[in-house]
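Heads up, the thing below is written out as structure tokens.
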Ligand code: PLP
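The following block contains the structure:
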């Protein structure tokens with residue numbers, strides 16, 4: 037461990053499983069550590085940097101806005117915020133026509149829970165086993181893994197968990213008091229589990245019949261990650277609430293909750309001091325425009341297919357299954373992934389786990405084919421039989 041790293045660790049509350057790496061610089065899909073070593077970054081800030089580290093357009097937008105207006109509370113309108121709200125409504129499924137801006141994924145889920153309770157006057161939610169929605173008390177109540185929940189009980193009451201991709205199980209726990217169903221389209225932290233079309237179609241139909249709100253969490257899958265602007269778009273799914281964060285603002289902290297006209301709100305019932313601040317809004321406008329102009333969603337689809345088909349060709353015994361949509365990739369092993377992740381880091385490739393046995397790749401969607409080939413080669417080197 038470098039001295040620099042130790043100093044940081046001494047002063048930070050011990051919450052993160054650290055990698056013994058001090059990252060000081062980034063450009064596109066490459067990051068550099070404090071010793072000048074370079075890494076291909078398939079972590080991308082946990083799926084934040086879809087447009088690449090220090091994307092030139094995002095940097096310029098932040099620089100320009102920083103000289104104009106950095107902060108503006110929600111009681112005033114603001115030109116940057118208005119533009120972003122319009123853009124979000126334009127690019128999202130047609131059911132969604134209003135937005136609330138906040139600062140993170142967990143805040144977007146908190147807001148969705150409150151909006152759903154307020155609009156339906158009902159209090160219960162149905163969520164999926166292995167789902168992950170954040171770590172504050174409301175979103176943690178919607179998160180399945182006991183590892184995150186234990187030690188913080190009692191959580192918010194009224195959250196029920198059923199197996200993912202099983203419509204009958206959802207139907208069996210619906211009650212007159214069900215306000216909403218909260219789901220990811222592809223479970224990220226839970227192991228890259230792909231939701232199927234029929235499942236979401238059935239849920240949508242039932243929600244309409246029983247006046248239940250369908251709340252889709254695209255904090256990790258949004259903004260081109262899965263090969264469409266939103267993963268909902270693979271099925272033409274029309275949510276009542278869509279939660280967004282991570283890649284929305286090119287690396288700046290931001291979250292958003294997009295709402296259909298089933299959502300009612302009234303003054304003072306929710307809010308956020310920093311939500312919709314002009315600096316983050318300009319970064320988001322630049323990032324989303326870049327995603328659209330560069331067809332990043334299509335690139336994600338093609339690059340994801342490329343890397344996964346090449347990996348499958350190796351027919352490696354240690355791999356149980358490769359699951360992916362675009363550049364949201366899970367390589368499930370028959371063994372624990374931790375040692376492989378460390379070996380990859382030593383070879384200059386940063387990757388994430390998703391549970392104990394899945395290697396997760398969430399590279400910037402701008403990653404080059406040359407860089408992808410390096411990732412493929414190093415994955416082969418660490419996963420091949422010795
Ligand atoms: N929802 C999903 C699907 C996530 O993957 C995450 C974070 O990984 C969150 C919510 C929470 O987001 P944040 O860490 O910005 O609070």
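Numbering (the numbering used here), first residue to last: 37 to 422.
Glycine residues also receive a C-beta, built at the ideal position from the N, C-alpha and C atoms.
Beta-ladder partner(s) of residue i, from DSSP
{"i": "residue 229", "result": "223"}
{"i": "residue 74", "result": "68"}
{"i": "residue 360", "result": "365"}
{"i": "residue 89", "result": "64"}
{"i": "residue 79", "result": "DSSP, once it has assigned bridges, lists no residue as partnering residue 79."}
{"i": "residue 396", "result": "366 and 388"}
{"i": "residue 59", "result": "69"}
Residue from the options with nearest C-alpha to residue i
{"i": "residue 120", "options": "342, 290 and 396", "result": "290"}
{"i": "residue 96", "options": "321, 48, 346 and 417", "result": "321"}
{"i": "residue 257", "options": "234, 237, 241 and 230", "result": "230"}
{"i": "residue 270", "options": "293, 222, 70 and 251", "result": "222"}
{"i": "residue 397", "options": "349, 382, 336 and 420", "result": "336"}
{"i": "residue 420", "options": "393, 355, 403 and 408", "result": "355"}
{"i": "residue 405", "options": "387, 343 and 315", "result": "343"}
{"i": "residue 64", "options": "99, 345, 92 and 234", "result": "92"}
{"i": "residue 53", "options": "124, 220, 388 and 180", "result": "388"}
{"i": "residue 386", "options": "247, 235, 284 and 59", "result": "59"}
{"i": "residue 391", "options": "226, 71, 383 and 242", "result": "226"}
{"i": "residue 243", "options": "186, 350 and 218", "result": "218"}
{"i": "residue 188", "options": "197, 174 and 198", "result": "174"}
{"i": "residue 239", "options": "261, 260, 216 and 259", "result": "216"}
{"i": "residue 267", "options": "372, 362 and 202", "result": "362"}
{"i": "residue 277", "options": "285, 264 and 248", "result": "248"}
{"i": "residue 393", "options": "376, 415, 368 and 403", "result": "368"}
{"i": "residue 265", "options": "284, 251 and 250", "result": "284"}
{"i": "residue 263", "options": "151, 414, 201 and 332", "result": "332"}
Any non-hydrogen atom of the ligand PLP within 7 Å of residue i CB
{"i": "residue 101", "result": "no"}
{"i": "residue 146", "result": "no"}
{"i": "residue 281", "result": "yes"}
{"i": "residue 224", "result": "yes"}
{"i": "residue 220", "result": "yes"}
{"i": "residue 253", "result": "yes"}
{"i": "residue 140", "result": "yes"}
{"i": "residue 168", "result": "yes"}
{"i": "residue 82", "result": "yes"}
{"i": "residue 256", "result": "yes"}
Burial state of residue i (16 or more Cβ within 10 Å)
{"i": "residue 153", "result": "buried"}
{"i": "residue 313", "result": "buried"}
{"i": "residue 253", "result": "buried"}
{"i": "residue 139", "result": "buried"}
{"i": "residue 51", "result": "exposed"}
{"i": "residue 297", "result": "exposed"}
{"i": "residue 417", "result": "exposed"}
{"i": "residue 89", "result": "buried"}
{"i": "residue 422", "result": "exposed"}
{"i": "residue 85", "result": "buried"}
{"i": "residue 37", "result": "Confidence in residue 37 is poor, its pLDDT being 42 and thus under 50, which makes the residue's placement unreliable; the coordinate value appears in the next sentence. Answer is exposed; the Cβ neighbour count stays below 16."}
{"i": "residue 56", "result": "exposed"}
{"i": "residue 412", "result": "buried"}
{"i": "residue 99", "result": "exposed"}
{"i": "residue 399", "result": "buried"}
{"i": "residue 46", "result": "exposed"}
{"i": "residue 282", "result": "buried"}
{"i": "residue 233", "result": "exposed"}
Closer than 8 Å to chain B by CB, residue i
{"i": "residue 75", "result": "Although the question refers to chain B, the structure presented lacks it and comprises just one protein chain."}
Practice problem: Please specify which runs of the alpha helix (DSSP H), each continuous and at least 4 residues long, are wholly inside the segment 196 to 270, giving them in chain order. | Solution: 203 to 209 and 233 to 246
Practice problem: Can you check the segment 90 to 167 for any beta strand (DSSP E) of at least 3 residues that lies completely inside it and give the ranges in chain order? | Solution: 134 to 138 and 160 to 164
Practice problem: May I have a chain-ordered list of the alpha helix (DSSP H) segments no shorter than 4 residues that lie completely inside the segment 272 to 345? | Solution: 314 to 329
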